[in-house]
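J.: The structure is given below, and queries will be raised subsequently.
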Amino acid sequence: MEFSIQGTFELPPLPAGVTRSSGLRLVLQQNAKNPDTFGASTTSLRYDDYVTMAKSWKMPLRAIECTNALSLLFWSSVENTGGNPHLRSGDSCKHNLPEIENQRSLSTIVLAQRDSKLQYDMGKLQYEMALASKRDFSAMKTIAILGIVFLPGTFIASILSTTFLDFQNPSGLRAAVSPSFWIYWVVTIPVTLIILVFWYLWERKRDERFVRERNEREKTEDLTSEIGSEEYDLQPLQRARPLADYE
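Written out as C-alpha coordinates, the structure is:
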(Lines of atoms letter the chains of each structure in order from A and count residues from 1; the text may use other names and numbers.)
(Lines give C-alpha, C1' and ligand atoms only; values in the text may rest on other atoms or scores of the structure.)
Protein backbone atom coordinates (compact mmCIF):
# COMPACT_ATOMS: atom_id res chain seq x y z
CA MET A 1 0.00 0.00 0.00
CA GLU A 2 1.50 3.33 -1.10
CA PHE A 3 0.89 6.76 0.38
CA SER A 4 1.48 10.17 -1.20
CA ILE A 5 1.82 13.13 1.15
CA GLN A 6 0.43 16.40 -0.13
CA GLY A 7 -0.06 19.86 1.24
CA THR A 8 2.03 21.47 3.94
CA PHE A 9 4.04 18.36 4.74
CA GLU A 10 4.70 17.36 1.14
CA LEU A 11 8.30 16.23 0.58
CA PRO A 12 10.52 18.65 -1.34
CA PRO A 13 11.47 17.62 -4.88
CA LEU A 14 14.84 15.96 -5.41
CA PRO A 15 17.38 17.07 -8.00
CA ALA A 16 17.76 15.02 -11.14
CA GLY A 17 19.68 11.80 -10.61
CA VAL A 18 19.20 11.84 -6.83
CA THR A 19 17.19 9.18 -5.00
CA ARG A 20 16.10 9.13 -1.37
CA SER A 21 16.98 5.95 0.52
CA SER A 22 15.96 7.09 4.00
CA GLY A 23 15.61 10.22 6.03
CA LEU A 24 14.18 11.98 9.05
CA ARG A 25 11.91 15.00 8.95
CA LEU A 26 11.53 17.12 12.04
CA VAL A 27 8.76 19.69 11.91
CA LEU A 28 8.93 22.40 14.61
CA GLN A 29 6.24 24.82 15.56
CA GLN A 30 8.25 28.02 15.62
CA ASN A 31 5.45 30.20 17.00
CA ALA A 32 4.96 28.02 20.07
CA LYS A 33 4.82 30.11 23.24
CA ASN A 34 4.39 27.47 25.92
CA PRO A 35 7.77 26.13 27.08
CA ASP A 36 6.23 22.67 27.58
CA THR A 37 4.97 22.43 24.00
CA PHE A 38 7.59 19.86 23.02
CA GLY A 39 7.61 18.11 26.40
CA ALA A 40 7.03 14.40 26.77
CA SER A 41 3.69 14.94 28.53
CA THR A 42 2.24 17.55 26.19
CA THR A 43 0.12 17.16 23.10
CA SER A 44 -0.78 19.89 20.68
CA LEU A 45 -4.43 18.77 20.63
CA ARG A 46 -6.89 17.93 23.32
CA TYR A 47 -7.57 14.28 23.78
CA ASP A 48 -11.16 14.47 22.49
CA ASP A 49 -10.10 16.50 19.46
CA TYR A 50 -7.30 14.07 18.71
CA VAL A 51 -9.63 11.05 18.86
CA THR A 52 -12.21 12.80 16.67
CA MET A 53 -9.57 13.73 14.10
CA ALA A 54 -8.05 10.24 14.05
CA LYS A 55 -11.45 8.62 13.55
CA SER A 56 -12.38 11.10 10.81
CA TRP A 57 -9.17 10.37 8.91
CA LYS A 58 -9.49 6.64 9.67
CA MET A 59 -6.08 6.67 11.30
CA PRO A 60 -4.94 4.24 14.00
CA LEU A 61 -5.21 5.48 17.57
CA ARG A 62 -1.83 4.02 18.43
CA ALA A 63 -0.29 7.47 18.77
CA ILE A 64 -2.51 8.12 21.79
CA GLU A 65 -0.54 5.45 23.62
CA CYS A 66 2.68 7.42 23.08
CA THR A 67 4.06 9.83 25.67
CA ASN A 68 4.49 12.59 23.11
CA ALA A 69 1.95 13.20 20.34
CA LEU A 70 2.47 16.46 18.44
CA SER A 71 1.18 17.85 15.19
CA LEU A 72 4.14 16.33 13.36
CA LEU A 73 2.28 13.01 13.51
CA PHE A 74 -0.36 14.28 11.08
CA TRP A 75 -0.39 15.63 7.56
CA SER A 76 -2.82 17.73 5.65
CA SER A 77 -4.08 15.02 3.29
CA VAL A 78 -3.29 11.39 2.58
CA GLU A 79 -3.98 9.72 -0.74
CA ASN A 80 -4.21 5.96 -0.56
CA THR A 81 -3.52 4.72 -4.05
CA GLY A 82 -4.53 1.19 -3.09
CA GLY A 83 -8.07 2.08 -2.06
CA ASN A 84 -9.67 2.29 1.35
CA PRO A 85 -8.14 -0.49 3.49
CA HIS A 86 -11.23 -0.66 5.70
CA LEU A 87 -13.49 -1.19 2.72
CA ARG A 88 -11.14 -3.80 1.30
CA SER A 89 -11.17 -5.66 4.61
CA GLY A 90 -14.97 -5.57 4.68
CA ASP A 91 -15.22 -6.84 1.11
CA SER A 92 -12.76 -9.62 1.88
CA CYS A 93 -14.81 -10.68 4.91
CA LYS A 94 -18.02 -10.65 2.86
CA HIS A 95 -16.32 -12.77 0.22
CA ASN A 96 -15.18 -15.29 2.82
CA LEU A 97 -18.59 -15.62 4.51
CA PRO A 98 -20.04 -18.08 1.91
CA GLU A 99 -16.90 -20.21 2.12
CA ILE A 100 -17.09 -20.31 5.91
CA GLU A 101 -20.80 -21.17 5.72
CA ASN A 102 -20.01 -24.03 3.33
CA GLN A 103 -17.37 -25.34 5.72
CA ARG A 104 -19.84 -25.16 8.61
CA SER A 105 -22.50 -27.02 6.61
CA LEU A 106 -19.95 -29.64 5.57
CA SER A 107 -18.87 -30.14 9.18
CA THR A 108 -22.51 -30.54 10.22
CA ILE A 109 -23.07 -33.20 7.54
CA VAL A 110 -19.94 -35.13 8.56
CA LEU A 111 -20.94 -35.05 12.24
CA ALA A 112 -24.45 -36.26 11.38
CA GLN A 113 -23.00 -39.12 9.33
CA ARG A 114 -20.68 -40.14 12.15
CA ASP A 115 -23.56 -40.03 14.63
CA SER A 116 -25.68 -42.23 12.34
CA LYS A 117 -22.80 -44.68 11.95
CA LEU A 118 -22.35 -44.80 15.73
CA GLN A 119 -26.05 -45.50 16.23
CA TYR A 120 -25.88 -48.25 13.63
CA ASP A 121 -22.84 -49.83 15.31
CA MET A 122 -24.70 -49.84 18.63
CA GLY A 123 -27.70 -51.50 17.00
CA LYS A 124 -25.42 -54.06 15.38
CA LEU A 125 -23.87 -54.94 18.74
CA GLN A 126 -27.31 -55.34 20.28
CA TYR A 127 -28.31 -57.60 17.41
CA GLU A 128 -25.21 -59.75 17.92
CA MET A 129 -26.00 -59.98 21.62
CA ALA A 130 -29.50 -61.16 20.73
CA LEU A 131 -28.02 -63.85 18.47
CA ALA A 132 -25.73 -64.99 21.27
CA SER A 133 -28.72 -65.23 23.60
CA LYS A 134 -30.54 -67.24 20.98
CA ARG A 135 -27.67 -69.74 20.83
CA ASP A 136 -27.77 -70.03 24.60
CA PHE A 137 -31.37 -71.18 24.36
CA SER A 138 -30.42 -74.18 22.22
CA ALA A 139 -30.05 -76.41 25.29
CA MET A 140 -33.45 -75.36 26.54
CA LYS A 141 -34.90 -76.09 23.12
CA THR A 142 -33.45 -79.61 23.22
CA ILE A 143 -35.15 -80.22 26.54
CA ALA A 144 -38.37 -78.87 25.06
CA ILE A 145 -38.09 -81.30 22.13
CA LEU A 146 -37.71 -84.23 24.52
CA GLY A 147 -40.78 -83.02 26.37
CA ILE A 148 -42.69 -82.84 23.09
CA VAL A 149 -41.71 -86.42 22.26
CA PHE A 150 -42.77 -87.94 25.57
CA LEU A 151 -45.68 -85.67 26.41
CA PRO A 152 -48.21 -87.18 23.94
CA GLY A 153 -47.66 -90.69 25.24
CA THR A 154 -48.05 -89.53 28.80
CA PHE A 155 -51.16 -87.58 27.91
CA ILE A 156 -52.75 -90.50 26.04
CA ALA A 157 -51.85 -92.91 28.84
CA SER A 158 -53.52 -90.66 31.36
CA ILE A 159 -56.65 -90.59 29.21
CA LEU A 160 -56.83 -94.29 28.58
CA SER A 161 -55.76 -94.98 32.13
CA THR A 162 -53.61 -97.98 32.88
CA THR A 163 -56.14 -100.78 32.35
CA PHE A 164 -54.06 -102.22 29.49
CA LEU A 165 -51.78 -103.92 32.00
CA ASP A 166 -53.01 -106.19 34.75
CA PHE A 167 -50.10 -107.49 36.81
CA GLN A 168 -52.42 -109.10 39.31
CA ASN A 169 -53.24 -111.90 36.84
CA PRO A 170 -51.08 -114.87 37.88
CA SER A 171 -51.38 -116.70 34.59
CA GLY A 172 -48.39 -114.81 33.00
CA LEU A 173 -47.27 -111.66 31.19
CA ARG A 174 -49.25 -112.42 28.03
CA ALA A 175 -52.44 -112.61 30.06
CA ALA A 176 -51.52 -109.39 31.92
CA VAL A 177 -51.45 -107.37 28.67
CA SER A 178 -54.89 -106.38 27.44
CA PRO A 179 -55.82 -107.40 23.88
CA SER A 180 -56.72 -103.75 23.21
CA PHE A 181 -53.22 -102.48 24.04
CA TRP A 182 -52.62 -101.75 20.35
CA ILE A 183 -55.09 -98.88 20.57
CA TYR A 184 -52.62 -97.01 22.74
CA TRP A 185 -49.92 -97.15 20.05
CA VAL A 186 -52.30 -96.39 17.22
CA VAL A 187 -53.31 -93.17 18.93
CA THR A 188 -49.97 -92.16 20.52
CA ILE A 189 -47.67 -92.54 17.48
CA PRO A 190 -49.77 -90.43 15.03
CA VAL A 191 -50.28 -87.71 17.63
CA THR A 192 -46.54 -87.62 18.35
CA LEU A 193 -45.70 -87.44 14.63
CA ILE A 194 -48.21 -84.66 14.08
CA ILE A 195 -46.70 -82.64 16.90
CA LEU A 196 -43.15 -83.19 15.60
CA VAL A 197 -44.14 -82.17 12.06
CA PHE A 198 -45.83 -79.07 13.39
CA TRP A 199 -42.72 -78.18 15.41
CA TYR A 200 -40.49 -78.77 12.37
CA LEU A 201 -42.58 -76.47 10.17
CA TRP A 202 -42.60 -73.82 12.86
CA GLU A 203 -38.81 -73.95 13.26
CA ARG A 204 -38.34 -73.81 9.49
CA LYS A 205 -40.47 -70.69 9.31
CA ARG A 206 -38.38 -69.13 12.06
CA ASP A 207 -35.17 -69.98 10.19
CA GLU A 208 -36.49 -68.37 7.02
CA ARG A 209 -37.35 -65.25 8.93
CA PHE A 210 -33.88 -65.24 10.47
CA VAL A 211 -32.26 -65.54 7.02
CA ARG A 212 -34.41 -62.70 5.72
CA GLU A 213 -33.43 -60.45 8.62
CA ARG A 214 -29.76 -61.30 8.10
CA ASN A 215 -29.97 -60.39 4.42
CA GLU A 216 -31.58 -57.08 5.30
CA ARG A 217 -28.82 -56.45 7.83
CA GLU A 218 -26.15 -57.16 5.20
CA LYS A 219 -27.81 -54.70 2.80
CA THR A 220 -27.82 -52.11 5.56
CA GLU A 221 -24.12 -52.76 6.20
CA ASP A 222 -23.37 -52.22 2.51
CA LEU A 223 -25.25 -48.93 2.58
CA THR A 224 -23.39 -47.88 5.72
CA SER A 225 -20.04 -48.71 4.11
CA GLU A 226 -20.97 -46.53 1.13
CA ILE A 227 -21.90 -43.69 3.46
CA GLY A 228 -18.60 -44.14 5.28
CA SER A 229 -16.68 -43.92 2.00
CA GLU A 230 -18.56 -40.74 1.09
CA GLU A 231 -17.69 -39.37 4.50
CA TYR A 232 -14.00 -39.98 3.89
CA ASP A 233 -14.40 -38.38 0.47
CA LEU A 234 -15.77 -35.26 2.12
CA GLN A 235 -12.95 -34.97 4.62
CA PRO A 236 -10.28 -33.92 2.07
CA LEU A 237 -12.64 -31.15 0.95
CA GLN A 238 -13.00 -30.06 4.52
CA ARG A 239 -9.24 -30.01 5.00
CA ALA A 240 -8.66 -28.25 1.70
CA ARG A 241 -9.38 -24.80 3.09
CA PRO A 242 -9.47 -24.74 6.90
CA LEU A 243 -11.11 -21.91 8.75
CA ALA A 244 -7.69 -20.46 9.57
CA ASP A 245 -7.35 -19.45 5.91
CA TYR A 246 -10.21 -17.00 6.28
CA GLU A 247 -8.82 -15.13 9.25
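Numbered according to full-length UniProt numbering, the sequence shown terminates at residue 247, and the numbering increases by one at each position without gaps.
Backbone N, C-alpha and C define an ideal beta-carbon position, used for all residues, glycine too.
DSSP on Thr19, reduced to helix/strand/coil?
T.: Three-state DSSP puts Thr19 in coil, outside helix and strand.
J.: Report the rounded CA-to-CA distance for Val51 versus Glu99, giving the unit in angstroms.
T.: So the alpha carbons of these two residues sit roughly 36 Å apart.
J.: Distance check for Ala130 and Arg212, CA to CA, integer angstroms please.
T.: Roughly 16 Å separates the two Cα atoms.
J.: Taking just the CA atoms, how far does Lys124 sit from Glu218?
T.: Roughly 11 Å between the two C-alpha positions.
J.: Residue range of the alpha helix (DSSP H) that Asp48 falls in?
T.: Note, Asp48: alpha helix (DSSP H), 47-56.
J.: Taking the alpha carbon of Thr188 as the reference point, which residue from Val110, Ser21, Ser158 has its own alpha carbon closest?
T.: Minimum Cα distance to Thr188 is reached at Ser158.
J.: Are the beta-carbon atoms of Val191 and Ile145 separated by less than 8 Å?
T.: No.
J.: Rounding to the nearest angstrom, what Cα-Cα distance links Arg104 and Ser116 in this structure?
T.: Approximately 18 Å, taken between the alpha carbons.
J.: Please report how far the alpha carbon of Gly147 lies from the alpha carbon of Asp207, in whole angstroms.
T.: Rounded to whole angstroms, Gly147 to Asp207 spans 22 Å at the Cα level.
J.: Verify whether the separation of the beta carbon atoms of Ile195 and Pro152 is less than 8 Å.
T.: Cβ distance < 8 Å, so Ile195 and Pro152 count as in contact.
J.: Can you give me the C-alpha to C-alpha distance between Trp202 and Leu111, rounded to a whole angstrom?
T.: Going from the Cα of Trp202 to the Cα of Leu111 covers about 44 Å.
J.: Quick one: Cα of Val197 to Cα of Arg204, how far?
T.: For Val197 and Arg204, the distance between alpha carbons rounds to 10 Å.
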